[in-house]
Structures are given as structure tokens and as C-alpha cells.
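Participant: I'd like to ask some things about the structure below.
Residue numbers (the working numbering): 65 to 626.
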């Protein structure tokens, strides 16, 4: 177990909104000393005042592990208090425009002069610059302009979106990632995070397909995902809904065997599974869905596990909270409040030392108007060593990237963007699913021409190796011995099978950081499940919340979980 990565780092959270609160939470979860500033006259933040924070479940989730301080930065005394706090901190999170910051005595010029080492992160809907910077926005419009909601809902019906305030959480995550990287640099930084930009970058596959092929890859198709081979569908079943995806031919053949309909492989409807999905979806469902309607979610799941087919129940929120898999992983945290006990989500990772208690107490009440409850210590610096002087924050870090398809590839390209040397380890058999599909030029399959693969693997080096070759293990161990980070998203046990599990790699590089991203974790009753991104949303309860009032569940039908 490692220590808290950001222990001793001071973070100031200034302003309302879930995006800033979530970014602050991520810093606090990793050990930073986070102080929430409650400014007078602000509205819109979950738990914007400490009393509300103790009574509001979202406020409890976002604001645990933080100090609260009430002040008025528009007044002289408040500005003085805020400046004193910033002098002892390394990060400022805010959602204010430049005019408001100037009124608080925090213009860019003032910050650069008086706080040269401060990492300032602005999180707004459309950014601090550009013609849209003053546009009003909410989660619906941000998801639409960023492209993520392009496939959600039915044609001709009112638009739908991912449930909750996902724009804020994604923007907060981006802010925390950018801020964490900036801490490795010498001196301060000014980071401008626009929620709309985050969505556009996140769901870049749509823009890439449009740029190269002159067409949108997706359209709204209800319970199905358009532009994909059938089935990529949420079926009705005896006690709810079940999601299935058979993108690969081997999964399609196994699926037909599972439902006892091998004859459908020769049915004219399925001669072209892309057309089957986009043009004849209802007719195809009529042949397939009766098998699902006669079985429960758990019965279907067991069949999918047995036949190694990507599939997942569409759980509702109560089923998620009560599921033995998450319970066995001690994921949820029970918090006692003055009103009632509350169960909150825990950390989305295991293996890091938790700081203090994992959100097991309500946030402390805000201190007096012009003073924090306790003076946080002077913020420490992260030791950048040879990293900091090379321009980008992670220059000098080497990453061995076994990442597969989309989710596995994204962490590596983020680290590469920050300057790390990322070496993608891949094999021709099986070929990365993202390398397949329509090429940019011509009609013949070419693993070097998939634009989506290029996008999520930009900035990386590549090593092609046959993982099951007798000498592969030694070659890769030699590489890990001179590397800092290993990323993989195989099914649990795959790396160990190749002799590349964490204990094996730690033997050649004791301080290696290994990030394993299987669908549901390395342990628990569901560890053997096979999924794609859309099915993670089903397992997590998000899909159960997407549909029109009084009608069937449609699901998010996006790769959001990646």
C-alpha cells in the first residue's frame, strides 16, 4: 500500500457547482488538504452551505474530507483571508469569470505576481475565452453540444440525456487530471476547463468518423445502438431488461447457440448484421426476444457467463446498492447524519491508502466568516526531479500500455499528452478491436487505418509481441524493469496467466505503479463477466434511468463507461 499521493498539498475550492466540488473531492480523496470557500450570495452548489451539506446526500458525497470556510471575497477582510489561504496552497479551483475574479482581487495579473506557484483551474460550461463563454448552459445542452447524447432516445421524440449531472462530473474529473499533472511542473499554471470541450474530447469517435467518412456514425435508435452489428440491444426479459452486444462473429455464434437458434445464422435478416440492426431491428427482436422474456436477469446472466458472451442485466438503483458483488468489495460507505443514515459511493479504485476515513462523517460546519476552522499547513511541492525541467509534466516517465480497445487506451494517451513515453504493447492475434473496421482510404481492411484507433493511441510508441510466446514474458519484464507505470484492462487473471501479474512485475521493478481496469474489478462474484462499455452503464444502474416516462427502458446507448 502506498501513501496518500497528495498529502500536504493545499487546495482551495472557490465557488458553487458540482464540477468544482467533484474536482475538489478527487484531490481530497487522494490526501490533499481541501478548503471549501462558501461565498455569500452563491446558489447552485450541492451543499453550498455547510448546513445543507450535512442534510443533502450529494453534498455529503462531494464535500466529505474537506474543511469549510465562509467568507466574502468582495469585502476587504474576506479578500485578505482568501489571499492568506492561497499563499499556503498549490491549487485554486473556481468557476468564476475574469470580471468576478478581478472584483475578488484575483485577476490573472495579480495571481501571476503574488502567487507565482499557484495552479489555477477554471471550470465553466464553455471556457473563459471565445464567443460562447457567456452562454447559459445546463447538463442537457452541454451533453448535446458535446455530442454524447447523439444516440440517446428515439427519432422524432424529445431529446434525452445521460441521467444526473454527468457534465459536471466529467468536467471535474478533467480539472483534477489537469491539475494533478500541473503539480509536477515548477511554478504555477492557468488551466481553462470547458465542460463542452470535455464532452467533445471524450466522445471524439463521432467527430473522427464524420471528419473521415463524411457521415455521422450514430443516430438515435431507442434500445439499440445504430451503426453496429446486431445485436447491440437492450432486450426485455421476465423481470426487467438485459443488455447484449455481439460485435465479434465468435460472440454471435455463441449467442445463437445459447438461445438454441443456430438456424438464424442462415436467416436472410442476419446476412448483414449491420443492416439487421439499423433497418430491421424490430423484426430481429421479434425472433430473439421471446427467449429473454421467458427468463430472469440472473438466469440470463448465468447463461452468458457460461457461454462467454458479453451481456449484463440492466439493474435499477436499488439492485445496484444491494448487489452482493459491490457489497463484497466494500464499495459503499455508510454515513451517520443527524437526520438519518446515508449510504454513499466509495472510491472507484482499490489499492491506494485511504486518507483519514472514507467519507464517514458529514463535512464540518463552516467556520466564522473571515477565518478557516484551522490554518492548513503550508502546501508542499511534489518532487518533480528530472521531470519538471523538460517542458511537459510527465516527461521522463515511461508507461507500458497493454490497454485494449477504448477504455484501456485512454489513460495511456492522457499520460502521453502530458509528456510520458507510452509504449503500447499489442498482438496481431487477437487484433485490437479498435484497429478493425472501415479504413480511411480504400475498402480493404487495414489495421493501420482506423481513425478512432489513431485518436485514442496518439503520441504512443508500439511494440508488437505474441503474448503467449515462450520468450514474451522475459522481454516484457525487461521493459517493465526500466518503466514506471503499467496499464492493462484484460479480464481478471489474464496478466497473471502470462506471468505478468503485479507480484511478477514488482519483482523486477519494486516501485512500479500498475493500473488494472477490468469491468467489475479483480475480485467478487461478477469478476468473470464479459462486457463492453454500454453494458457497464447497465450494471451501474444508469441505463435504468434512461427512457420516456411510463415507457420501456432505452438505456444510454453510448460508450460513456469507457
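Built from N, CA and C at the ideal position, the CB exists for glycine as well.
Nothing here was measured: the structure is a model prediction, and the numbers come from that model.
Going by DSSP, what residue range makes up the beta strand (DSSP E) through residue 130?
Facilitator: Within the chain shown, numbered from 1, the residue matching residue 130 stands at position 66. Element bounds for residue 130: 130 to 135.
Participant: So the beta strand (DSSP E) residue 229 belongs to, where does it begin and stop?
Facilitator: Stepping through the chain shown from its first residue, residue 229 is reached at position 165. Careful: residue 229 lies outside any beta strand (DSSP E) and carries neither H nor E.
Participant: Between the C-alpha atoms of residue 358 and residue 189, what's the straight-line distance to the nearest angstrom?
Facilitator: Against the chain shown, residue 358 aligns to sequence position 294. Against the chain shown, residue 189 aligns to sequence position 125. Taking the straight line from one Cα to the other gives about 46 Å.
Participant: Could you tell me which residues DSSP puts in a beta bridge with residue 205?
Facilitator: Indexing the chain shown from 1 puts residue 205 at position 141. BP columns for residue 205 are empty, so no partner.
Participant: Who are the near neighbours of residue 407 in its chain, counting only those whose CB is closer than 8 Å to its CB and skipping five residues on each side?
Facilitator: For the purposes of this step, residue 407 is identified with residue 343 of the chain shown, where counting begins at 1. So the qualifying residues of the chain are 385, 396, 397, 398, 399.
Participant: Given that a residue counts as buried once 16 or more other Cβ atoms are within 10 Å of its Cβ, and exposed if not, what is residue 402?
Facilitator: Counting from 1 along the chain shown, the entry for residue 402 is found at position 338. Counting Cβ neighbours within 10 Å, residue 402 comes out exposed, since fewer than 16 surround it.
Participant: Residue 577 and residue 548 look like a contact to me (Cβ under 8 Å); what is the Cβ gap, rounded to whole Å?
Facilitator: Counted from its first residue, the chain shown places residue 577 at position 513. Counted from its first residue, the chain shown places residue 548 at position 484. Their Cβ separation, rounded to whole angstroms, is 7 Å, which keeps residue 577 and residue 548 in contact under 8 Å.
Participant: Grab me the residues of residue 263's own chain with a C-beta within less than 8 Å of its C-beta, minus the 5 sequence neighbours each way, in chain order.
Facilitator: Position 199 of the chain shown, counted from the first residue, corresponds to residue 263. Same-chain partners within the cutoff: 206, 207, 209, 210, 211, 212, 231, 234.
Participant: Looking at the unbroken alpha helix (DSSP H) that takes in residue 602, where does it start and where does it end?
Facilitator: Counting from 1 along the chain shown, the entry for residue 602 is found at position 538. Start and end: 597 to 603.
Participant: Counting only the same chain and skipping the five closest in sequence on each side, list residues whose C-beta sits under 7 Å from that of residue 361.
Facilitator: The residue you call residue 361 lines up with position 297 of the chain shown. Within the same chain, residue 361 has close Cβ partners 301, 303, 304, 306, 377.
Participant: For residue 241 and residue 322, I'd like the C-alpha separation in whole angstroms.
Facilitator: In the chain shown, residue 241 corresponds to position 177, counting from 1. In the chain shown, residue 322 corresponds to position 258, counting from 1. So the alpha carbons of these two residues sit roughly 43 Å apart.
Participant: Would you say residue 317 and residue 596 are within 8 Å of each other, going by their C-beta atoms?
Facilitator: For the purposes of this step, residue 317 is taken as the residue at position 253 of the chain shown. For the purposes of this step, residue 596 is taken as the residue at position 532 of the chain shown. No. Outside cutoff.
Participant: So, for residue 260: in the same chain, excluding its five sequence neighbours on each side, which residues have a beta-carbon less than 6 Å away from its beta-carbon?
Facilitator: Translated into the one-based positions of the chain shown, residue 260 becomes position 196. These residues qualify, in order along the chain: 190, 206, 209, 210.
Participant: Go ahead and pull the three-state DSSP assignment for residue 309.
Facilitator: If you number the chain shown from 1, residue 309 lands on position 245. If DSSP states are grouped into helix, strand and coil, residue 309 belongs with the strands.
Participant: So for residue 97, helix, strand or coil by DSSP?
Facilitator: Residue 97 sits at position 33 when you count from the first residue of the chain shown. Here residue 97 sits in strand by DSSP.
Participant: Could you check whether residue 465 and residue 541 sit closer than 8 Å to each other, using their CB atoms as the reference points?
Facilitator: The sequence position of residue 541 within the chain shown is 477, counting from 1. The sequence position of residue 465 within the chain shown is 401, counting from 1. Contact flag unset, no.
Participant: Just to confirm my understanding: we take residue 219, look at its own chain, exclude 5 residues before and 5 after, and list those with CB closer than 6 Å. What are they?
Facilitator: As a first step, residue 219 must be located in the chain shown, where it is residue number 155. 284, listed in sequence order.
Participant: Could you tell me if residue 331 is buried or exposed, where buried requires 16 or more neighbouring beta carbons within 10 angstroms of its beta carbon?
Facilitator: Translated into the one-based positions of the chain shown, residue 331 becomes position 267. So residue 331 counts as exposed.
Participant: Using the C-alpha atoms, what's the distance from residue 103 back to residue 75?
Facilitator: Counting from one through the chain shown, the residue named residue 75 turns up at place 11. Counting from one through the chain shown, the residue named residue 103 turns up at place 39. Rounded to whole angstroms, residue 75 to residue 103 spans 16 Å at the Cα level.
Participant: Check this for me: beta carbons of residue 157 and residue 87, under 8 Å apart or not?
Facilitator: As a first step, residue 157 must be located in the chain shown, where it is residue number 93. As a first step, residue 87 must be located in the chain shown, where it is residue number 23. Cβ distance < 8 Å, so residue 157 and residue 87 count as in contact.
Participant: Could you give the residue range of the beta strand (DSSP E) that holds residue 258?
Facilitator: Translated into positions along the chain shown, residue 258 becomes position 194. Counting along the chain, the beta strand (DSSP E) containing residue 258 begins and ends at 253 to 258.
Participant: Helix, strand or coil for residue 400? Go by DSSP, reduced to three states.
Facilitator: Against the chain shown, residue 400 aligns to sequence position 336. Residue 400: strand per DSSP, three-state reduction.
Participant: If residue 73 sits next to residue 155, beta carbons under 8 Å apart, how far is it from one beta carbon to the other, in whole angstroms?
Facilitator: Working through the chain shown from its first residue, we reach residue 73 at position 9. Working through the chain shown from its first residue, we reach residue 155 at position 91. At roughly 7 Å, the Cβ-Cβ gap stays under 8 Å, so residue 73 and residue 155 are in contact.
Participant: Can the beta-carbon of residue 311 be found less than 8 Å from the beta-carbon of residue 599?
Facilitator: To locate residue 311, count along the chain shown from 1; it is residue 247. To locate residue 599, count along the chain shown from 1; it is residue 535. Not a contact, by the Cβ cut-off of 8 Å.
Participant: Does the region 499 to 515 touch the region 581 to 590, meaning 3 or more C-beta pairs lie closer than 8 Å?
Facilitator: no
Participant: Given that a residue counts as buried once 16 or more other Cβ atoms are within 10 Å of its Cβ, and exposed if not, what is residue 570?
Facilitator: In the chain shown, the residue the question calls residue 570 occupies position 506. Result: exposed.
Participant: Among 379, 495, 510, 470, which one has its Cα closest to the Cα of residue 601?
Facilitator: Here residue 601 refers to the residue found at position 537 when the chain shown is read from its first residue. Just measuring C-alpha positions, the residue of 379, 495, 510, 470 sitting nearest residue 601 is 379.
Participant: Alpha carbon to alpha carbon, how far is residue 364 from residue 353? Give it in angstroms, no decimals.
Facilitator: Position 289 of the chain shown, counted from the first residue, corresponds to residue 353. Position 300 of the chain shown, counted from the first residue, corresponds to residue 364. Taking the straight line from one Cα to the other gives about 12 Å.
Participant: Please return the same chain residues whose Cβ sits closer than 6 Å to the Cβ of residue 559, not counting the five positions on each side in sequence.
Facilitator: For the purposes of this step, residue 559 is identified with residue 495 of the chain shown, where counting begins at 1. Excluding positions up to five away in sequence, the list reads 552, 565.
Participant: What first and last residue would you give for the beta strand (DSSP E) that runs through residue 158?
Facilitator: One-based indexing of the chain shown puts residue 158 at position 94. It spans 155 to 158 - the beta strand (DSSP E) in which residue 158 sits, taken as one unbroken run.
Participant: Between residue 179 and residue 77, what straight-line distance do the alpha-carbon atoms span, to the nearest angstrom?
Facilitator: By one-based count along the chain shown, residue 179 stands at place 115. By one-based count along the chain shown, residue 77 stands at place 13. Approximately 16 Å between the Cα atoms of the pair.
Participant: Determine the direct distance from the alpha carbon of residue 329 to that of residue 493, and round the result to whole angstroms.
Facilitator: As a position in the chain shown, residue 493 is number 429, starting the count at 1. As a position in the chain shown, residue 329 is number 265, starting the count at 1. Approximately 25 Å between the Cα atoms of the pair.
Participant: Check whether the Cβ atoms of residue 184 and residue 175 sit closer than 8 Å, and answer yes or no.
Facilitator: One-based indexing of the chain shown puts residue 184 at position 120. One-based indexing of the chain shown puts residue 175 at position 111. In this structure, residue 175 lies closer than 8 Å to residue 184 by Cβ.
Participant: Grouping DSSP H, G and I as helix and E and B as strand, with all else coil, what is residue 373?
Facilitator: Here residue 373 refers to the residue found at position 309 of the chain shown. When DSSP states are grouped into helix, strand and coil, residue 373 belongs to the coil group.
Participant: Output needed for residue 267: all residues of its chain with C-beta closer than 6 Å, excluding positions within five of it in sequence on either side, in chain order.
Facilitator: Numbered from its first residue, the chain shown carries residue 267 at position 203. Same-chain partners within the cutoff: 211, 212.
Participant: Whole angstroms are fine: how far does the CA of residue 514 sit from the CA of residue 533?
Facilitator: To locate residue 533, count along the chain shown from 1; it is residue 469. To locate residue 514, count along the chain shown from 1; it is residue 450. In a straight line, the C-alpha of residue 533 is about 27 Å away from that of residue 514.
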